[in-house]
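Undergrad: Per my numbering, residue 103 is the first one in the sequence shown, and the count goes up by one each step.
Every residue, glycine too, gets a C-beta built ideally from N, C-alpha and C.
Sharing a structure below in structure tokens format, with a few things to ask.
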Amino acid sequence: MRTTDEGTAAMLTTVDSLPTRPTAGLSGPSASGLLPLARRGDGLVGSVIDSSTSLLAAQSHDIVRFAMGAPAADVTPARLLTSIAAEVWDESSFTYGATEGEPRLIQALVEDSADGPQPVHPERVVITSGGMQGLDIAFKLFVDPGDLVVVESPTYTNGSATALSYGADLLEVPVDADGMDVERLEDAVAGARRTPKVIYTIPNFQNPSGVTLSLSRRRRLLELAHRWGSVILDDDPYGSLRFAGQHIPGFGQLSPHDPLVFSVRTFSKILAPGLRVGWVDADPRLHPLLISAKQAMDTCTNVPNQHLVAEFIRRGELDEHLAMLRREYRSRKQAMTEALADQLGDGIATTDPQGGFFLWVTLRGPNAGIDSRRLFEIALAAGVALIPGTALSPSHRFADAFRLCFASCSPRRTRVGVRRLARALDQARDEAPTRTPAGSAATR
Ligand SMILES: Cc1ncc(COP(=O)(O)O)c(C=O)c1O
Numbered sequence: 103m104r105t106t107d108e109g110t111a112a113m114l115t116t117v118d119s120l121p122t123r124p125t126a127g128l129s130g131p132s133a134s135g136l137l138p139l140a141r142r143g144d145g146l147v148g149s150v151i152d153s154s155t156s157l158l159a160a161q162s163h164d165i166v167r168f169a170m171g172a173p174a175a176d177v178t179p180a181r182l183l184t185s186i187a188a189e190v191w192d193e194s195s196f197t198y199g200a201t202e203g204e205p206r207l208i209q210a211l212v213e214d215s216a217d218g219p220q221p222v223h224p225e226r227v228v229i230t231s232g233g234m235q236g237l238d239i240a241f242k243l244f245v246d247p248g249d250l251v252v253v254e255s256p257t258y259t260n261g262s263a264t265a266l267s268y269g270a271d272l273l274e275v276p277v278d279a280d281g282m283d284v285e286r287l288e289d290a291v292a293g294a295r296r297t298p299k300v301i302y303t304i305p306n307f308q309n310p311s312g313v314t315l316s317l318s319r320r321r322r323l324l325e326l327a328h329r330w331g332s333v334i335l336d337d338d339p340y341g342s343l344r345f346a347g348q349h350i351p352g353f354g355q356l357s358p359h360d361p362l363v364f365s366v367r368t369f370s371k372i373l374a375p376g377l378r379v380g381w382v383d384a385d386p387r388l389h390p391l392l393i394s395a396k397q398a399m400d401t402c403t404n405v406p407n408q409h410l411v412a413e414f415i416r417r418g419e420l421d422e423h424l425a426m427l428r429r430e431y432r433s434r435k436q437a438m439t440e441a442l443a444d445q446l447g448d449g450i451a452t453t454d455p456q457g458g459f460f461l462w463v464t465l466r467g468p469n470a471g472i473d474s475r476r477l478f479e480i481a482l483a484a485g486v487a488l489i490p491g492t493a494l495s496p497s498h499r500f501a502d503a504f505r506l507c508f509a510s511c512s513p514r515r516t517r518v519g520v521r522r523l524a525r526a527l528d529q530a531r532d533e534a535p536t537r538t539p540a541g542s543a544a545t546r
């Protein structure tokens, strides 16, 4: 393994090499002259977040990974999953499955949720290939080119990219400590002079800010959605990872069987993202369309992995696993906030998530004016990875902020990463400051 200094010398990578659209092969400006590409390609913006996976894999120096929102290898039950797979996989696991999902997985979801706050009703469920496919189907079903889609600012830009791929016009609404600012949403919609088709929200421990939508704002959002006839696209991968504070009822609890609520769920954050298994919970009358949309994409979700997840749940392992994750993430978040306070003090402000994976950090005081895209480059060379704020807004706001994932690293490793981050900030301050526009609502 190389030392950090050797890595620095070898670092040729800049934040601009994190493409927001594919750069290799047939795509890009050169291909458009050569090949009869569809106009839809103009709406394909890709994901800086996802591209960071390949970028980090290509580095040969030691990097503390605060960038991707992935559960750490050390809390993934790989051995248990492997041994369950050996027991349950048979011939029925390796053929095509039902598009709506394997009955045993739907059954497991229903039974597992029966005593909880948000029971799953089998007629509302379609199993998907991860949360991303749920988002893709939702935008495909509801968005025509030119339709208005509300997104949080900052947001999970893979979600906003999916809306863009169907030609949406995006309306970015600021987030504060209580989630999407619903009053500002009303003003913004009045200003836009048209109502949104879809309101895309991540209500719990939002990616990227870590904040949670308050109960009163959830209620108000439901009222507004009904007044406007808008769909609430309720994307909640982190809801069962609450490690502090009280449960806040979800949209499905506040407004049961509401046709305007379309919920996207995934096993990626609570079990393992490589499985690519998730589900949507939506009005049963939508199901014929949902299934047609999925049949035109991938026929069915990976069958062996559905059997694996079903058995994991049936044995009661998921509940134990979630309890372990909540304990672990509580201590990882604490380790990160303590290390940040210790190393960076007044130079930053952070959000205070009560669950999930992410902290949102805003540069201030002596660090005001540092551009997080430049910080990304310096930090990567110094052996710590983050996601610059600009990658988390479709209009590239938040140059004064960045996202850190506290879930992926042990407390000891987190302290190493934060020390490297502090050094990177020293270096960034020593360079001529690039003034950045303020605008991190989440930490105010
Ligand atoms: C808010 C949000 N929605 C959806 C997804 C996508 O989930 P999956 O990996 O299951 O497609 C993620 C993953 O980071 C996410 O954070």
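Could you pull the start and end residues of the beta strand (DSSP E) that E254 belongs to?
TA: 250-255 is the span of the beta strand (DSSP E), which, as asked, contains E254.
Undergrad: Should T368 be counted as a contact of ligand 1 given a C-beta to heavy atom distance under 8 Å?
TA: Indeed, a heavy atom of ligand 1 lies less than 8 Å from the Cβ.
Undergrad: Using 8 Å as the cut-off, classify the Cβ of L554 as near or not near the heavy atoms of ligand 1, replying yes or no.
TA: The structure shown has nothing for residue 554, since the chain only spans 103 to 546.
Undergrad: Go ahead and label M438 buried or exposed: buried means 16 or more other beta carbons lie within 10 angstroms of its beta carbon, across all protein chains shown.
TA: M438 is buried by the Cβ-count criterion.
Undergrad: W330 lies in the alpha helix (DSSP H); which residues open and close that run?
TA: First-last of the alpha helix (DSSP H) with W330: 317-330.
Undergrad: Using a Cβ-based criterion (distance less than 8 Å to any ligand heavy atom), does D337 qualify as near ligand 1?
TA: Yes, Cβ of D337 sits closer than 8 Å to a heavy atom of ligand 1.
Undergrad: Could you check where the alpha helix (DSSP H) with E193 kicks off and where it finishes?
TA: Premise fails: E193 is in no alpha helix (DSSP H) and is neither H nor E.
Undergrad: At which residues does the alpha helix (DSSP H) containing L92 begin and terminate?
TA: The structure shown does not extend to residue 92, since the chain spans only 103 to 546, so no value can be given for it.
Undergrad: Under the assumption that P339 contacts S370 (Cβ atoms under 8 Å), give the Cβ distance between them as a whole number of angstroms.
TA: Indeed they touch by this definition, with Cβ atoms about 6 Å apart.
Undergrad: Pop quiz: Q355 and Q220 are said to be a contact at Cβ under 8 Å. What is the actual Cβ separation, rounded to whole angstroms?
TA: Going by Cβ atoms, the distance from Q355 to Q220 rounds to 6 Å, so yes, they are a contact pair.
Undergrad: Between S394 and I372, which are expected to be in contact by the criterion C-beta below 8 Å, what is the C-beta distance as a whole number of angstroms?
TA: Contact doesn't hold; Cβ gap of about 29 Å is too wide.
Undergrad: Using the C-alpha atoms, what's the distance from D246 back to S267?
TA: Approximately 10 Å between the Cα atoms of the pair.
Undergrad: Buried or exposed: D238, going by 16 or more other Cβ atoms within 10 Å of its Cβ?
TA: Buried, by the Cβ-count rule.
Undergrad: Using a threshold of 9 Å, state whether the C-beta atoms of S311 and I350 are closer than that.
TA: Going by C-beta atoms, S311 is not nearer than 9 Å to I350.
Undergrad: Is the beta carbon of V409 less than 9 Å from the beta carbon of S153?
TA: The amino acid occupying residue 409 in the given sequence is His; Val does not appear at that position. Against a cut-off of 9 Å, the Cβ pair of S153 and H409 comes out as no contact.
Undergrad: In angstroms, rounded to a whole number, what distance separates the CA positions of I415 and G145?
TA: Looking at the two C-alpha atoms, the distance is approximately 39 Å.
Undergrad: Apart from the five residues on each side of it in sequence, which residues of its chain come closer than 7 Å, Cβ to Cβ, to E288?
TA: Excluding residues within five positions, the ones whose Cβ falls inside 7 Å are L326.
Undergrad: Taking DSSP as the reference, what is the three-state secondary structure of K282?
TA: Note on identity: in this sequence residue 282 is Met, with Lys being the wrong assignment. DSSP places M282 in strand when its eight states are reduced to three.
Undergrad: With P496 and L272 assumed to form a contact (beta carbons below 8 Å), what rounded beta-carbon distance in angstroms separates them?
TA: Contact flag correct, Cβ pair sits at about 5 Å.
Undergrad: By alpha-carbon positions, which one of D448, P386, T184, R432 ends up nearest to E202?
TA: Comparing Cα positions, the closest option is P386.
Undergrad: List the endpoints of the continuous beta strand (DSSP E) containing A443.
TA: That residue, A443, is in no beta strand (DSSP E); its alpha helix (DSSP H) goes 419-446.
Undergrad: What does the Cβ neighbour count give for F196, buried or exposed, with the cut at 16 atoms within 10 Å?
TA: Its Cβ having fewer than 16 others within 10 Å, F196 is exposed.
Undergrad: Using 8 Å for Cβ pairs, my map puts A441 next to R517. What's the rounded Cβ distance?
TA: Contact holds; Cβ gap of about 5 Å.
Undergrad: Can you find a heavy atom of ligand 1 that lies under 8 Å from the Cβ of Q209?
TA: Not under cutoff, so the answer is no.
Undergrad: In the DSSP output, which residue or residues are listed as bridge partners for V366?
TA: BP columns for V366 point to D337, V382.
Undergrad: Looking at ligand 1, does it come within less than 8 Å of P455, judged from the CB to the closest heavy atom?
TA: No, Cβ of P455 sits at least 8 Å from all heavy atoms of ligand 1.
Undergrad: Examine ligand 1 and report whether any of its heavy atoms sits within less than 8 Å of the Cβ of G203.
TA: It does not: the Cβ of G203 is nowhere closer than 8 Å to a heavy atom of ligand 1.
Undergrad: Taking 9 Å as the cut-off, decide whether the C-beta atoms of A470 and E204 are in contact.
TA: No. Outside cutoff.
Undergrad: When you compare only the Cα positions, how much space is there between L499 and A270?
TA: According to the sequence shown, residue 499 is Arg rather than Leu. Those two C-alpha atoms are separated by around 19 Å.
Undergrad: Touching or not, the region 319-338 and the region 179-189, by the rule of three or more beta carbon pairs under 8 Å?
TA: They do not touch, by the three-pair rule.
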